[in-house]
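Colleague: Sequence lines, in order, name chains R and F.
For my numbering, add 8 to where a residue sits in the first sequence, where the first one is 1.
For my numbering, add 1 to where a residue sits in the second sequence, where the first one is 1.
Right, I'll just put the structure down here and ask away after.
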Amino acid sequence: MNKTMKNAMKTPAGSLTETVVEAQIGRSLWDDAWARLKANKAAMASCVALFIISIACFLGPVLSPHGFDTVYRNYVKVPASLTAYPRNEAVEPAMVKALKRARLSIESFTIEGDQITAKVSSRREIRERSSQYVDRSDLFKNAKLKDLADDKLTGTLVAEIDRKHFYFGTDANGRDLMTRTLIAGRVSLVIGLLASSVALLIGVTYGSLSGYFGGRVDLVMMRVVDVLYSLPFIFFVILLVVFFGRNFILMFIAVGAVEWLDMARIVRGQTLSIKRQEYVLAAEAMGVGTGGILKRHIIPNTLGPVVIFVTLLVPKVILLESFLSFLGLGVQEPMTSWGVLISEGARNLQGASWMLIFPSIFLTTTLFALNFIGDGLRDALDPKDR
Amino acid sequence: MLRYVLKRLLTAIPTLFLIVTISFFLIRVAPGGPFDLERPLEAKVMENLNKIYQLDKSLWEQYVIYMGNVLKGDLGPSFFFRDFTVGDLFRQGLPISIEIGGYALLLALIFGGALGILAALKQNRAPDYSVMTVATMGITIPNFVVAPVLTLIFGVALGWLPVGGWNNGAWPNKILPIITLALPQVAIVARLTRGSMIEALRSHHIRTARANGLPSWMVVVVHALRGALLPVVSYAGPAAAALLTGSVVIETIYGIPGVGRYFVQAALNRDYTLVMGTVIVIAVFIMIFNLIVDLLYAWLDPRVRYD
């Protein structure tokens, strides 16, 4: 069709070609669907939310000052807060404790901004190396011993307070929860996408082949799906964990390989009706091969329901991963995922509620967004219900 | 109809046979065995254990023996819970799981259905939006988040209900597990009912019923609901099978002695017989409920015929 258009434009009859070109600009079903989707506020808001979460999860851990596996032993289970740690009242006890390790006692103690000056004394000779004991605490940095007296029994210690922000608090091991939530999101999102694309690939191929060939082939292929369907799903997953335990990427490729059953059924149903359409008949009459018909005519036309199903499959897989992690079968420490964080949070709910709240907000927002997008796509592609 | 039921039950036998066979070999292929401990047992002890549990025979012999026993109704001894047979474990746990799951299913159908109808009747108005928001929340918030939060509110903060345990099935102990189990199902049923109800309310026979001057409650309950129930019924079948065979998360969090926990535990402990028992029980439940769904379908929709 494009070719005829170009040919028409080359002809000198200018006025005629213009009308032809104008007639060509129609609104395809996809344009219509896109317009309907854009009008759906919940779906668009969900797209934005999902975009923000994905960007945060992929860039956040890189930009964050804390490593996702960095342990701050002085900040175990500190609550979420916008102001920096340490709190001023916590500085002096921490200093006393650190100096006690160095066998120094404090004579006087002043804080000016981030600068600490402390006069210290000891019964033995003070060595400059002792300032390391202060640096070892997560609260201080750049500690130095200066102005040692001649007998080396008194001196001045200067150090800076190492201000750190824990916007989401820290977990039971003293790791920054924000960085962990973001890195967990990366894991969960990658797993969701990976498993869904594997399911998509297998399901679409299997379903379209089964539907297109029909007859006995279809019967056998669908019987296989039925048998796999009645096998308890969690049994499969646990076996996969047993086989691929250490490697979660491999495991989720395998989970995707289990999740394709619904997809295959949907695509098969669609294919059964599509293959009776005139354009498929025409393609067959023109001698297009089976592969060509499937690729060019059948699969593109099944995409509507498939796209909807995939947007609903991604949250399902993320939830499944969380469920496995909750059972202790998923991602292993120090790597983490939303499911792992939530199950830790659920254990520490009393006294450290932020450990449950923040990962749950991220997980539910993502699932919400994906569900709304899925619903929006369904309404956009299948406007019958509106 | 009796003939149809019989035919369905007969065709279920080969499927069940296939399922049992596949899972038997799958779990055996998995690395590790039921008696592998962190510190390996002495060779002689291991040999004796293998002899007692007939693990020293070839896989085929074991398969034939196992299938023979299953046909006699004997699911074998549990490898992990010594002194218990798999049958004993199910006799103790299954009624508890069925009770919790049954109530949850009932709640889901009643509340989910009612909310769905409400949302459909007030489509695109405030009640619809609020029901759908709550329903989406019910689907997206995982039950292992809901469970601790509910426990904290009702068990710890308010102190109205026990935080866990079974206590021989006392009512206060059942409430939280049933609610937690039912919430996502309520949400899904509400969504399904709303969708199909909207479609049903637009169909010709409803317009005719309204035109004939039937009272609106009758139009909704008698005429629209019947058709709208079809997708709910086809969802409720597999869902019922899943609910009645117990939930790992709920049973672990609330400490309920049902059968839901066995599956994960057994597979991880390579408790071969218990895994197989669970697979068989779940498969039988799925098949029974699929049959019930098909029968209900034909009863609800006269266009459906058994062939």
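Note that CB positions come from ideal geometry on N, CA and C, so glycine has one too.
Applying a beta-carbon distance threshold of less than 8 Å, which residues of chain R neighbour Val249(F)?
Modeller: What you label residue 249(F) is simply residue 248 of the second sequence in a count that begins at 1. Neighbours of Val249(F) across chain R, judged by C-beta separation under 8 Å: Ile242 and Leu335.
Colleague: Taking 8 Å as the CB-CB cut-off, is Ala354(R) touching chain F?
Modeller: For the purposes of this step, residue 354(R) is taken as the residue at position 346 of the first sequence. Ala354(R) counts as touching chain F.
Colleague: Comparing the C-beta of Met17(R) with each C-beta of chain F, is any distance below 8 Å?
Modeller: As a first step, residue 17(R) is located in the first sequence; it is residue number 9 there, counting from the start. Any reading at Met17(R) must be qualified, since the residue scores a pLDDT of 46, below 50, and its modelled position is unreliable; the value itself is stated next. By this cut-off, Met17(R) is not an interface position.
Colleague: Is Trp346(R) closer than 8 Å to Gly193(R) when the C-beta atoms are compared?
Modeller: In the first sequence, the residue the question calls residue 193(R) occupies position 185. In the first sequence, the residue the question calls residue 346(R) occupies position 338. Contact flag set, yes.
Colleague: Go to Phe366(R), then tell me how far its alpha helix (DSSP H) extends in each direction, as first and last residue.
Modeller: Taking the first residue of the first sequence as position 1, residue 366(R) is located at position 358. Residues Trp362 to Leu389.
Colleague: Using a Cβ-Cβ cutoff of 8 Å, what residues of the region 300–330 of chain R are near chain F? List them in chain order.
Modeller: Correct list: Pro323, Leu327 and Ser330.
Colleague: Please tell me whether Leu193(F) has its Cβ less than 8 Å away from any Cβ of chain R.
Modeller: Locating residue 193(F) in the second sequence gives position 192, counting from the first residue. It does not: the Cβ of Leu193(F) has no partner Cβ on chain R nearer than 8 Å.
Colleague: Tell me, to the nearest whole angstrom, how far the beta carbon of Pro41(F) is from that of Val250(R); I am working on the premise that it is less than 8 Å.
Modeller: Stepping through the second sequence from its first residue, residue 41(F) is reached at position 40. Stepping through the first sequence from its first residue, residue 250(R) is reached at position 242. Not really, about 19 Å apart at Cβ, beyond 8 Å.
Colleague: Just reading off the beta strand (DSSP E) that Gly163(R) is part of, what are its end residues?
Modeller: The count along the first sequence starts at 1 and reaches residue 163(R) at position 155. Run containing Gly163(R): Thr162 to Ile169, per the beta strand (DSSP E) assignment.
Colleague: Within the 8 Å Cβ cut-off, does Val21(F) reach chain R?
Modeller: Sequence index remark: in the second sequence, residue 21(F) carries index 20 (1-based). Chain R contact via Cβ: absent.
Colleague: If you compare alpha carbons, which of Val142(R), Phe117(R), Leu112(R) and Lys149(R) is closest to Glu133(R)?
Modeller: As a working mapping, residue 133(R) is identified with position 125 in the first sequence. With distances taken between Cα atoms, Glu133(R) lies closest to Leu112(R).
Colleague: Taking the straight line between their C-alpha atoms, what separation do you get for Tyr54(F) and Ala265(R)?
Modeller: Counting from 1 along the second sequence, the entry for residue 54(F) is found at position 53. Counting from 1 along the first sequence, the entry for residue 265(R) is found at position 257. About 34 Å.
Colleague: Work out the CA separation of Leu297(F) and Gly238(F) for me, nearest whole Å.
Modeller: As a position in the second sequence, residue 238(F) is number 237, starting the count at 1. As a position in the second sequence, residue 297(F) is number 296, starting the count at 1. Looking at the two C-alpha atoms, the distance is approximately 10 Å.
Colleague: Give the interface partners of Phe264(F) over in chain R, defined as CB-CB distance under 9 Å, in chain order.
Modeller: Indexing the second sequence from 1 puts residue 264(F) at position 263. Pro240, Ile242, Phe243 and Ile246, listed in chain order.
Colleague: Just to confirm the assignment, what range does the alpha helix (DSSP H) spanning Glu286(R) have?
Modeller: Against the first sequence, residue 286(R) aligns to sequence position 278. Taken as a continuous stretch (DSSP letters only), the alpha helix (DSSP H) holding Glu286(R) covers Glu286 to Ala293.
Colleague: Does the region 4–12 of chain F come within contact of the region 62–80 of chain R, defined as at least 3 CB pairs closer than 8 Å?
Modeller: no
Colleague: Which residues in chain R have a C-beta closer than 9 Å to the C-beta of Phe290(F)? List them in chain order.
Modeller: Reading the second sequence from its first residue, position 289 is the one you call residue 290(F). Near Phe290(F) there are no residues of chain R at all, since even the closest Cβ is about 11 Å away, more than 9 Å.
Colleague: Confirm, please, whether the CB-CB distance from Asn96(R) to Gly384(R) is below 8 Å.
Modeller: Position 376 of the first sequence, counted from the first residue, corresponds to residue 384(R). Position 88 of the first sequence, counted from the first residue, corresponds to residue 96(R). Asn96(R) is positioned such that its CB atom lies no closer than 8 Å to that of Gly384(R).
Colleague: Measure the C-alpha to C-alpha separation of Gly215(R) and Val195(R) and round it to an integer number of angstroms.
Modeller: By one-based count along the first sequence, residue 215(R) stands at place 207. By one-based count along the first sequence, residue 195(R) stands at place 187. Gly215(R) and Val195(R): Cα-Cα distance of roughly 29 Å.
Colleague: Closest Cβ-Cβ distance between Ala31(F) and chain R: below 8 Å?
Modeller: Walking along the second sequence from the start, residue 31(F) turns up at place 30. The beta carbon of Ala31(F) falls within 8 Å of a beta carbon belonging to chain R, placing the residue at that interface.
Colleague: Looking only at its own chain, which residues have a Cβ that is under 8 Å from the Cβ of Phe26(F), when we skip the five neighbours before and after it?
Modeller: Mapped onto the second sequence, residue 26(F) falls at position 25. Answer for Phe26(F): Leu60 and Tyr64, listed in chain order.
Colleague: How is the beta strand (DSSP E) around Gln123(R) delimited, first residue to last?
Modeller: One-based indexing of the first sequence puts residue 123(R) at position 115. Segment Gln123 to Ser129, the beta strand (DSSP E) holding Gln123(R).
Colleague: Rounded to whole angstroms, how far is the Cβ of Ile251(F) from the Cβ of Asn169(F), which I believe are closer than 8 Å?
Modeller: Looking up residue 251(F) in the second sequence gives position 250. Looking up residue 169(F) in the second sequence gives position 168. Actually they do not touch by this definition, with Cβ atoms about 18 Å apart.
Colleague: Going by DSSP in three states, Asp146(R) sits in which element: helix, strand or coil?
Modeller: Position 138 of the first sequence, counted from the start, is the residue given in the question as residue 146(R). Here Asp146(R) sits in coil by DSSP.
Colleague: Name the DSSP bridge partner or partners of Lys154(R)?
Modeller: Working through the first sequence from its first residue, we reach residue 154(R) at position 146. DSSP lists Thr164(R) as partners of Lys154(R).
Colleague: Could you pull the start and end residues of the alpha helix (DSSP H) that Phe290(F) belongs to?
Modeller: Here residue 290(F) is taken as the residue at index 289 of the second sequence, counted from 1. Segment Tyr273 to Leu301, the alpha helix (DSSP H) holding Phe290(F).
Colleague: Return no unless some Cβ of chain F is closer than 8 Å to the Cβ of Asn48(R).
Modeller: Translated into positions along the first sequence, residue 48(R) becomes position 40. Not closer than 8 Å to any Cβ of chain F, the Cβ of Asn48(R) fails to qualify, so no.
Colleague: So, is Pro367(R) buried or exposed, given that buried needs 16 or more other C-beta atoms within 10 angstroms?
Modeller: Position 359 of the first sequence holds residue 367(R). Buried, since its Cβ has 16 or more Cβ neighbours within 10 Å.
Colleague: Does the beta-carbon of Ser197(F) have 16 or more other beta-carbons within 10 angstroms, so that it is buried, or is it exposed?
Modeller: Translated into the one-based positions of the second sequence, residue 197(F) becomes position 196. Buried, by the Cβ-count rule.
Colleague: So which of Val21(F), Met2(F), Ile14(F) and Thr16(F) has the shortest CA-CA distance to Met277(F)?
Modeller: Your numbering for residue 277(F) matches position 276 in the second sequence. Ranking the options by Cα distance to Met277(F), first place goes to Val21(F).
Colleague: With 16 other CB atoms within 10 Å as the buried threshold, where does Met363(R) fall?
Modeller: For the purposes of this step, residue 363(R) is identified with residue 355 of the first sequence, where counting begins at 1. Buried.
Colleague: Assign Lys46(R) to one of two classes, buried (16 or more other C-beta atoms within 10 Å of its C-beta) or exposed (fewer than that).
Modeller: Within the first sequence, numbered from 1, the residue matching residue 46(R) stands at position 38. Classification of Lys46(R): exposed, given that the 10 Å Cβ count is below 16.
Colleague: Tell me the start and end of each unbroken alpha helix (DSSP H) in the region 42–87 of chain R that is at least 4 residues and wholly inside, in chain order.
Modeller: Listed in chain order, the complete alpha helix (DSSP H) runs (minimum 4 residues) inside the region 42–87 of chain R are 49–71.
Colleague: Taking Cβ positions, are Phe91(F) and Val260(F) nearer each other than 8 Å?
Modeller: Here residue 91(F) refers to the residue found at position 90 of the second sequence. Here residue 260(F) refers to the residue found at position 259 of the second sequence. Their beta carbons are under 8 Å apart, which means Phe91(F) touches Val260(F) by this criterion.
Colleague: At a Cβ threshold of 8 Å, is Asn82(R) touching chain F?
Modeller: Reading the first sequence from its first residue, position 74 is the one you call residue 82(R). With 8 Å as the cut-off, Asn82(R) does not count as an interface residue toward chain F.
Colleague: Alpha carbon to alpha carbon, how far is Asn379(R) from Ile306(R)? Give it in angstroms, no decimals.
Modeller: Position 298 of the first sequence, counting from 1, holds the residue named residue 306(R). Position 371 of the first sequence, counting from 1, holds the residue named residue 379(R). One C-alpha to the other measures close to 27 Å.
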